[in-house]
Amino acid sequence: MSPPAGTSLLEEPVDQDFDEQIDQSTPSHRGALEGLFALACPLLLILAVALNPLDQSDSTPAGSAGAGLTMEVALKLLLSGAVGSVALLGWILCPAVRQRLMKFPGWILVALGGVFVVTSTVAFGPAATVSRAAAMISCVYIVFIAVTLQFLTLRQTLQCVLVGLVLHLMAAWCLYLGGGETAVYQEELGQSLIIERMGSTAHPNSLGRIGALAILVCLGLWRTRNRPLTPILIATMGFVFVISSATMFESMSRTAVVSCAASVLAVMIDRLANRRGLAMGLCVVMGICLLMLAVGLLSEGSDVGSRVVAVGTKTGDVNELTSATGRTEIWAEAIRFIAQRPLTGWGLNSAPLLLEDFSYHTHNLLLHAIFSAGIFAGICVSVLVAWTVYHAFTVVDPMFRGIAAYICVSGLFEDTAFETFPFASTLLWLLVLLAASVEMPRSDESDNVLSDQLASDLTR
């Protein structure tokens, strides 16, 4: 992750012309430039995680398809411009950044960004401008993450992501408790049933994802810590877990809950083999049994199965579970559109216009890529997902396992990655993918080597 002691992050001997140019500059200039990168990268990463999900028009059903130039969009465009400036400078000045992107899986991400840009030239007319902007923004963030990993450790970037997630959750709760037009998302299910969900800063599903990711990152940082817990750290972790769990509960996002559970299990899977893990597993089983008993007692003689369905659905209809909350119909409609333009897709962010009667999104990561940029984008995303799963089984990094589990489970039911303005899920996936392009510890190596490599990669 870092160059040898005594060398500059900006002078790794990859590009001879650049090296000759660097040699002519003074060490003080190099140090100042590195300091600027080290300051700008974490600040922009925090702002991106906190601001990119912000979309109050999407927190109400009436505005779910809106993509106009609002104050929020203008703010995120300015942020993307700043990110692009840092990415461009890092690409030009840091040979190691170019080297990282040319390694697998970095070059797959570069190829995917290229496919986004090329196919955006023939995007669906009404969404063409937004599609081209979204394609450029995706490329910018891919390079930016590579630059960030050159000046920060993986652990430091994860801390920045967690700060951004918590800041967004705090703002969401302030607006939610304060009331207002966007505080509550009223979802119509059927002709007479209206479900009220937490809105405020974004769509309830987006808020649920933010809460799930905050728990995942917090737990991953706890697993990879190199110092004992202090009361302040314990209180901070408790606050993160409380506000994140409350957000998932109020947003009523079952996908977020399932994805969070899968990622937490993946992070902790290596701890389940000892006695403490077995005890925790038994406690979970006992808790489920007690929950079933409570449901049976509260049912007062009625069908227990129907009570369970009522708890797990919004309408009490079992079809809501068998159809994945209507996603089977959405997927069928998305495939119908894909069949019309299989090579180029319809462009990023075209789904809100074309799938207006089908919840505005494809609700599947692979379908989202193919719908947006054609089958070549789908191939790139499939390779990235397959490699993520493979790498999760071959490395000992619990954070990588957790993010891999989240991407796989959430990607089944949500777009999850490569939004118009990248959410935390996209940024986390890019972080672990590009961090893994540098050698990471394998599960078949010795314990001493593993601990040494993890300490150098995840801690400082």
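Everything in the sequence shown is counted per UniProt numbering, starting at 1 for the first residue and increasing by one.
Using N, Cα and C, we set each Cβ at its ideal position, and we do this for glycine too.
(message) Rounded to whole angstroms, what is the Cα-Cα separation between Leu-229 and Ala-50?
(response) Each residue's Cα considered, the two are about 26 Å apart.
(message) Restricting to runs no shorter than 4 residues, where is the alpha helix (DSSP H) found entirely within the region 125-196?
(response) Listed in chain order, the complete alpha helix (DSSP H) runs (minimum 4 residues) inside the region 125-196 are 128-151, 154-178.
(message) Rounded to the nearest angstrom, what separates Phe-418 and Pro-95 at their Cα positions?
(response) Approximately 26 Å between the Cα atoms of the pair.
(message) Using CA atoms only, rank isn't needed, just tell me which of Gly-238, Pro-53, Ile-232, Met-198 is closest to Ile-215.
(response) Each of Gly-238, Pro-53, Ile-232, Met-198 was checked against the Cα of Ile-215, and the nearest Cα belongs to Gly-238.
(request) Tell whether a beta-carbon distance below 8 Å holds between Leu-45 and Val-161. (result) Yes.
(request) Would you mind sorting Phe-37 into buried or exposed? The rule is 16 or more other CB atoms within 10 Å of its CB. (result) Phe-37 is buried by the Cβ-count criterion.
(request) Taking only the alpha-carbon atoms, compute the straight-line gap between Pro-42 and Phe-144 and give it to the nearest angstrom. (result) Rounded to whole angstroms, the gap between the alpha carbons of Pro-42 and Phe-144 is 11 Å.
(message) Using the three-state DSSP reduction, which class does Met-198 fall into: helix, strand or coil?
(response) Reduced to three states, the DSSP call for Met-198 is strand.
(request) Confirm, please, whether the CB-CB distance from Val-110 to Val-147 is below 8 Å. (result) Between Val-147 and Val-110, the gap from beta carbon to beta carbon reaches 8 Å or more.
(request) Tell me where the alpha helix (DSSP H) around Gln-99 begins and ends. (result) Run containing Gln-99: 95-102, per the alpha helix (DSSP H) assignment.
(message) Comparing C-alpha positions only, which one of Glu-187, Leu-193, Met-252, Trp-387 sits nearest to Gly-211?
(response) It is Met-252 whose Cα lies nearest to the Cα of Gly-211.
(request) Any chance you could list the beta strand (DSSP E) runs of at least 3 consecutive residues sitting entirely within the region 388-424, in chain order? (result) Complete beta strand (DSSP E) runs here, min 3: none at all.
(request) Give me the Cα-Cα distance between Thr-224 and Gly-378, rounded to the nearest whole angstrom. (result) Each residue's alpha carbon lies about 33 Å from the other.
(request) Kindly indicate which three-state DSSP category Asn-349 falls into: helix, strand or coil? (result) Coil.
(request) Compare the beta carbon distance of Lys-76 and Phe-421 with 8 Å and say whether it is the shorter of the two. (result) Cβ atoms of Lys-76 and Phe-421: closer than 8 Å.
(message) Given this structure, state the Cα-to-Cα distance separating Gly-84 from Thr-426, to the nearest angstrom.
(response) Looking at the two C-alpha atoms, the distance is approximately 17 Å.
(message) Under 8 Å, Cβ to Cβ, is there at least one residue of chain D near Cys-174?
(response) This model lacks chain D altogether; it includes just one protein chain.
(request) Go ahead and pull the three-state DSSP assignment for Val-258. (result) The answer is helix: DSSP assigns Val-258 an H, G or I state.
(message) Alpha carbons only, please: which of His-203, Pro-53, Glu-188, Leu-89 is nearest the one belonging to Leu-33?
(response) Ranking His-203, Pro-53, Glu-188, Leu-89 by CA distance to the CA of Leu-33 puts Leu-89 first.
(message) If I measure Cβ to Cβ from Val-115 and keep anything under 8 Å in the same chain, skipping five residues before and after, which residues do I get?
(response) Cβ neighbours of Val-115 beyond the five flanking positions: Ala-373, Gly-374, Phe-376, Ala-377, Cys-380.
(request) Report the three-state DSSP secondary structure of Pro-42 (helix, strand or coil). (result) Three-state result, Pro-42: helix.
(request) Would you mind working out which of Ala-351, Ala-404, Pro-53, Met-399 sits nearest Val-166, comparing C-alpha positions? (result) If we check each option's Cα against that of Val-166, Pro-53 comes out closest.
(message) For Asp-17 and Val-97, what's the separation of their Cα atoms in angstroms?
(response) Reliability of the predicted coordinates at Asp-17 is poor, the pLDDT of 42 falling under 50, and the value obtained from them is presented with this limitation in mind. So the two alpha carbons sit approximately 16 Å from each other.
(request) Determine the extent of the alpha helix (DSSP H) in which Ala-111 is found, giving its start and end residues. (result) For Ala-111, the enclosing alpha helix (DSSP H) stretches over residues 106-120.
(request) Could you say which of Ser-350, Ala-74, Gly-220 lies nearest to Val-267 if we only look at CA atoms? (result) Comparing alpha-carbon positions, the option among Ser-350, Ala-74, Gly-220 lying closest to Val-267 turns out to be Gly-220.
(message) Pairs of beta-carbons, one from the region 343-350 and one from the region 121-130, closer than 8 Å: are there three or more?
(response) Touching, yes.
(message) Looking only at its chain, what residues have a beta carbon closer than 7 Å to the beta carbon of Leu-169, apart from the 5 residues adjacent to it on each side?
(response) Non-local C-beta neighbours of Leu-169 in its own chain, meaning closer than 7 Å and more than five positions away in sequence, comprise Ile-210, Gly-211, Ala-214, Ile-243, Ser-244, Thr-247, ordered along the chain.
(message) Quick check: the region 171-178 against the region 383-391, are at least 3 beta-carbon pairs closer than 8 Å?
(response) Under the three-pair Cβ rule at 8 Å, the region 383-391 does not count as touching the region 171-178.
(request) In angstroms with no decimal places, state the Cα-to-Cα distance between Pro-342 and Gly-178. (result) Distance from the CA of Pro-342 to the CA of Gly-178, rounded to the nearest whole angstrom, comes to 46 Å.
(message) Going by DSSP in three states, Asp-270 sits in which element: helix, strand or coil?
(response) Of the three classes helix, strand and coil, the one that applies to Asp-270 here is helix, per DSSP.
(request) Taking 8 Å as the cut-off, decide whether the C-beta atoms of Asn-205 and Glu-414 are in contact. (result) Yes; because the gap between Cβ atoms is below 8 Å, this pair is in contact.
(request) Using the Cα positions of Val-432 and Val-409, report the straight-line distance between them to the nearest angstrom. (result) Rounded to whole angstroms, Val-432 to Val-409 spans 17 Å at the Cα level.
(message) Does Phe-249 come out as helix, strand or coil in the three-state DSSP assignment?
(response) Residue state, collapsed to three classes: helix.
(request) Measuring alpha carbon to alpha carbon, tell me which of Ala-256, Leu-39, Trp-222 ends up nearest Leu-207. (result) Measuring from the Cα of Leu-207, the nearest candidate turns out to be Ala-256.
(request) Output the distance between the C-alpha atoms of Asp-397 and Leu-154, rounded to the nearest integer angstrom. (result) Going by C-alpha positions, Asp-397 is about 11 Å away from Leu-154.
(message) For a quick check, are the C-beta atoms of Thr-119 and Gly-345 less than 8 Å apart?
(response) For the pair Thr-119 and Gly-345, the CB atoms are nearer than the 8 Å cut-off.
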